[in-house]
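Heads up: the structure comes next, in structure tokens.
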Amino acid sequence: MLLDQLARPLRSLRLSVTDRCNLRCAYCMPEPDYVWLPRAELCDFGELAELAALFAGLGVDRIRLTGGEPLLRRDVPALVALLAARLVAERRGAAPLPGERAGRPELALTTNGILLAEQARALRAAGLDRLTVSLDTLRPERFAALTRRDAHRAVLGGIEAARAAGFGAPGDEALKLDMVVMRGVNDDEVVPMLDFARELRAELRFIEYMDVGGATRWRGDAVVSRAELLVAVGRRLGVPEPLAGRGSAPAERFRLPSGQVFGIVASTTTPFCLACDRARLTADGMLFLCLYASRGVDLKTPLRRGVPRAELAALLATTWGARAARGAEERLAESERAPLVPASQLRKNPHLEMHKRGG
Ligand code: SAM
Ligand code: SF4
7 MLLDQLARPL RSLRLSVTDR CNLRCAYCMP EPDYVWLPRA ELCDFGELAE LAALFAGLGV
67 DRIRLTGGEP LLRRDVPALV ALLAARLVAE RRGAAPLPGE RAGRPELALT TNGILLAEQA
127 RALRAAGLDR LTVSLDTLRP ERFAALTRRD AHRAVLGGIE AARAAGFGAP GDEALKLDMV
187 VMRGVNDDEV VPMLDFAREL RAELRFIEYM DVGGATRWRG DAVVSRAELL VAVGRRLGVP
247 EPLAGRGSAP AERFRLPSGQ VFGIVASTTT PFCLACDRAR LTADGMLFLC LYASRGVDLK
307 TPLRRGVPRA ELAALLATTW GARAARGAEE RLAESERAPL VPASQLRKNP HLEMHKRGG
């Protein structure tokens with residue numbers, strides 16, 4: 007097993023397939039315009055599959071496709087099918103890893119849901135194991151104000167299609183909803199969202215508003231903390247009981263007296279850096295070791311130049327071995343907390359954006 011400087015294994019990969027997005031969520035892309043990665047620089051499907059296989063060969067057993075909005079990339083189901091086949095071939099004959107499914111790393115995807123209605127069935131058929139849909143509000147007019155696009159109905163249709171395609175079948179955890187909670191924006195919907203998720207048999211996760219690159223309007227007083235969320239939920243629905251066995255998962259999970267389970271990702275007020283086993287790859291093949299990291303390592307250029315596989319694996323192993331990142335914990339220790347990167351700097355170095363690194 008590959009360990010970093012803090013003895014954290016490399017187990018999970020967030021693979022961004024595009025930096026483009028069809029929404030402009032206030033906490034992620036609040037600026038009027040953005041600098042996109044040149045199309046010629048994006049890894050093609052074959053390159054993404056080779057890079058994913060490189061990670062799987064070094065112990066990664068969970069891969070999540072993300073973006074930008076991943077479903078904006080043309081024919082993502084074909085990418086899922088290619089990944090599934092390539093990863094099975096990569097892992098054939100190796101000792102199984104805990105998170106693997108069907109002889110390969112688990113394949114998941116995080117989406118804003120707008121294009122899901124037309125793709126859910128094909129994604130499931132291609133081998134996608136899990137799906138997370140980001141949904142911050144049940145109110146169409148609030149959705150439009152928060153995302154700058156009137157697409158609430160499309161997202162709800164996408165969630166319905168996902169369920170019909172088999173994500174979130176009874177007893178299965180394959181469908182999740184992620185809600186970034188912001189004070190004065192949607193914090194009055196914490197309980198209605200739990201009701202919505204229960205009816206859908208999806209697991210809701212509350213995400214604390216983070217001061218990552220891209221969040222150029224971030225303010226500490228807009229963060230609704232884990233502690234506040236637990237009080238708000240407990241007051242209406244009874245005391246949530248913490249569930250054991252979180253492992254390296256970013257979400258702490260809780261069970262309500264009704265039996266409903268939900269999660270909280272408290273990266274802002276209660277970071278979990280010491281358990282973080284996650285690498286991030288941008289759509290142009292840059293490896294980042296932390297959401298807050300300012301520099302990445304280019305894996306696509308050596309891959310395109312035909313550098314032998316063993317050398318690429320050694321580069322990845324050395325990079326992970328030198329990792330000491332504790333970005334969220336370091337941010338917590340800062341006395342004056344403001345947006346991580348000013349908008350002007352993000353334009354000069356767009357790789358710092360959240361929508362480049364996949365959240
Ligand atoms: N476009 C897809 C989506 O929205 O699900 C995938 C990419 S998005 C960057 C991944 C996740 O990051 C989303 O759940 C989004 O809510 C979250 N996110 C973006 N900016 C955030 C911020 N400032 N704080 C907390 N979560 C954030
Ligand atoms: Fe787009 Fe997702 Fe960022 Fe919203 S959170 S702007 S949907 S990448």
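When we follow the working numbering, the leftmost residue of the sequence shown carries the number 7, and every step to the right adds one.
Just so it is clear, CB atoms sit at the ideal spot from N, CA and C, and this is done for glycine as well.
Mapping the DSSP letters down to three states, classify P146 as helix, strand or coil.
Locating residue 146 in the sequence shown gives position 140, where the first residue counts as 1. Residue state, collapsed to three classes: helix.
Rounded to the nearest angstrom, what separates T276 and D25 at their Cα positions?
Here residue 276 corresponds to residue number 270 of the sequence shown, with the count starting at 1. Here residue 25 corresponds to residue number 19 of the sequence shown, with the count starting at 1. Put simply, the backbone Cα of T276 is about 28 Å away from that of D25.
If I'm right that M185 touches L235 with Cβ under 8 Å, what's the distance once you round it to whole angstroms?
Working through the sequence shown from its first residue, we reach residue 185 at position 179. Working through the sequence shown from its first residue, we reach residue 235 at position 229. The beta-carbon distance between M185 and L235, rounded to whole angstroms, is 10 Å. This is too long to meet the 8 Å contact definition.
Cutting at 7 Å between CB atoms, please list the residues of its own chain near G163, excluding the five before and the five after it.
Along the sequence shown, one-based indexing puts residue 163 at 157. Exclusion of the five residues before and after G163 leaves A123 as the residues of its chain whose Cβ lies within less than 7 Å of its Cβ.
Under DSSP, the alpha helix (DSSP H) around L8 begins and ends at which residues?
Residue numbering aside, residue 8 sits at position 2 when the sequence shown is read from its first letter. Here L8 belongs to no alpha helix (DSSP H), and DSSP marks it neither H nor E.
Tell me whether the stretch 208-223 and the stretch 350-362 touch, counting them as touching only if at least three CB pairs, one residue from each stretch, are closer than 8 Å.
At 8 Å Cβ cutoff, the stretches touch.
Nearer than 7 Å: is that true of the beta carbon of H357 relative to any heavy atom of the ligand SF4?
By 1-based counting over the sequence shown, the position of residue 357 is 351. Checking every heavy atom of the ligand SF4 against the Cβ of H357, none is found closer than 7 Å.
Tell me whether G269, by its Cβ, gets closer than 7 Å to a heavy atom of the ligand SAM.
Residue numbering aside, residue 269 sits at position 263 when the sequence shown is read from its first letter. No, the Cβ of G269 stays beyond 7 Å of every heavy atom of the ligand SAM.
Could you pull the DSSP bridge partners for K182 from this structure?
Here residue 182 refers to the residue found at position 176 of the sequence shown. K182 pairs with T138 and E209.
What is the C-beta distance between L181 and A208, in whole angstroms, given that I count them as a contact (C-beta under 8 Å)?
Numbered from its first residue, the sequence shown carries residue 181 at position 175. Numbered from its first residue, the sequence shown carries residue 208 at position 202. Their Cβ separation, rounded to whole angstroms, is 4 Å, which keeps L181 and A208 in contact under 8 Å.
Output yes or no for whether 8 Å exceeds the beta carbon distance between A62 and P111.
Walking along the sequence shown from the start, residue 62 turns up at place 56. Walking along the sequence shown from the start, residue 111 turns up at place 105. With a cutoff of 8 Å on beta-carbon distance, A62 and P111 are scored as near each other.
Assess, as a yes-or-no matter, whether the stretch 188-206 is touched by the stretch 333-342 under the definition of 3 or more beta carbon pairs within less than 8 Å.
Here the stretch 333-342 makes no contact with the stretch 188-206; the two share fewer than three CB pairs at distances below 8 Å.
Roughly how many angstroms lie between the CA atoms of S231 and F278, to the nearest whole one?
Numbered from 1 along the sequence shown, position 225 holds the residue referred to as residue 231. Numbered from 1 along the sequence shown, position 272 holds the residue referred to as residue 278. Distance between the alpha carbons of S231 and F278 is about 14 Å.
Is the CB-CB distance between R130 and G172 below 8 Å?
Start at 1 with the first residue of the sequence shown, and residue 130 comes out as number 124. Start at 1 with the first residue of the sequence shown, and residue 172 comes out as number 166. Cβ atoms of R130 and G172: closer than 8 Å.
Does any residue of chain D bring its CB to less than 8 Å from the CB of P102?
Note that chain D does not occur in the displayed structure, where there is just one protein chain.
Given 8 Å, three or more beta-carbon pairs between the stretch 90-108 and the stretch 36-43
No, the stretch 90-108 is not in contact with the stretch 36-43.
Once DSSP output is grouped into helix, strand and coil, what is the label at T288?
Locating residue 288 in the sequence shown gives position 282, where the first residue counts as 1. T288: coil per DSSP, three-state reduction.
With a threshold of 8 Å, are at least 3 pairs of Cβ atoms found where one atom belongs to the stretch 297-306 and the other to the stretch 264-271?
A contact is defined here as three or more CB-CB pairs under 8 Å, and the stretch 297-306 fails this definition with respect to the stretch 264-271.
Hey, how far is the Cα of E53 from the Cα of R310?
Translated into the one-based positions of the sequence shown, residue 53 becomes position 47. Translated into the one-based positions of the sequence shown, residue 310 becomes position 304. So the two alpha carbons sit approximately 8 Å from each other.
Spatial neighbours of A328 within its chain, please: CB distance less than 8 Å, with the 5 preceding and 5 following residues excluded, ordered by chain position.
Looking up residue 328 in the sequence shown gives position 322. Hits under 8 Å: D10 and Q11.
State the start and end residues of the unbroken alpha helix (DSSP H) segment that holds V94.
Position 88 of the sequence shown, counted from the first residue, corresponds to residue 94. Unbroken alpha helix (DSSP H) run through V94: V82 to R97.
Leaving out the 5 sequence neighbours to the left and right, which residues in its chain are closer than 7 Å to D193 when beta-carbon positions are compared?
Looking up residue 193 in the sequence shown gives position 187. These residues qualify, in order along the chain: V187 and V230.
Can you give me the C-alpha to C-alpha distance between L8 and W326, rounded to a whole angstrom?
Locating residue 8 in the sequence shown gives position 2, counting from the first residue. Locating residue 326 in the sequence shown gives position 320, counting from the first residue. Rounded to whole angstroms, L8 to W326 spans 7 Å at the Cα level.
Here's a check: name, in chain order, each residue in its chain whose Cβ is nearer than 7 Å to the Cβ of L103, leaving out the five neighbours to either side.
Translated into the one-based positions of the sequence shown, residue 103 becomes position 97. Contacts found: G65 and D67.
Identify whether G119 lies in helix, strand or coil by the three-state DSSP scheme.
By one-based count along the sequence shown, residue 119 stands at place 113. Looking at G119 - three-state DSSP - the assignment turns out to be coil, as it is neither helix nor strand.
Any residue with its Cβ nearer than 5 Å to a heavy atom of the ligand SF4 should be included. What is that list in chain order?
Taken from the N-terminal end onward, the list reads C27, L29, C31, C34, M35, N118 and H361.
At what residue ranges does the stretch 239-320 contain a whole run of the alpha helix (DSSP H), taking only runs of 4 or more?
Those alpha helix (DSSP H) runs which fall completely within the stretch 239-320 and span 4+ residues are 306-311.
Please report how far the alpha carbon of R17 lies from the alpha carbon of E166, in whole angstroms.
Mapped onto the sequence shown, residue 17 falls at position 11. Mapped onto the sequence shown, residue 166 falls at position 160. As the crow flies, the alpha-carbon of R17 is around 31 Å from that of E166.
C-alpha gap between S350 and L295, whole angstroms:
Stepping through the sequence shown from its first residue, residue 350 is reached at position 344. Stepping through the sequence shown from its first residue, residue 295 is reached at position 289. Linking S350 to L295 through their CA atoms gives a straight-line distance of about 23 Å.
Can you tell which of L280, L134, E317 and A59 has the C-alpha that lies nearest to the C-alpha of R107?
As a first step, residue 107 is located in the sequence shown; it is residue number 101 there, counting from the start. Nearest to R107 by alpha-carbon distance, out of L280, L134, E317 and A59, is L134.
Is M7 near the ligand SAM, going by C-beta to nearest heavy atom under 7 Å?
For the purposes of this step, residue 7 is taken as residue 1 along the sequence shown, with counting starting at 1. Not so, every heavy atom of the ligand SAM lies at least 7 Å from the Cβ.
Closer than 7 Å: is that where the CB of T116 sits relative to any heavy atom of the ligand SAM?
Sequence index remark: in the sequence shown, residue 116 carries index 110 (1-based). For the ligand SAM, at least one heavy atom lies less than 7 Å from the Cβ of T116.
What whole-angstrom Cβ distance do Y298 and A334 have, given they're in contact under 8 Å?
Indexing the sequence shown from 1 puts residue 298 at position 292. Indexing the sequence shown from 1 puts residue 334 at position 328. Contact flag correct, Cβ pair sits at about 7 Å.
Distance, L78 Cα to I213 Cα
As a first step, residue 213 is located in the sequence shown; it is residue number 207 there, counting from the start. As a first step, residue 78 is located in the sequence shown; it is residue number 72 there, counting from the start. So the two alpha carbons sit approximately 23 Å from each other.
Rounded C-alpha distance that separates G244 from R204:
Taking the first residue of the sequence shown as position 1, residue 244 is located at position 238. Taking the first residue of the sequence shown as position 1, residue 204 is located at position 198. Roughly 15 Å between the two C-alpha positions.
For the beta strand (DSSP E) containing L358, name the first residue and the last one.
Locating residue 358 in the sequence shown gives position 352, where the first residue counts as 1. For L358, there is no enclosing beta strand (DSSP E), as DSSP marks it with neither H nor E.
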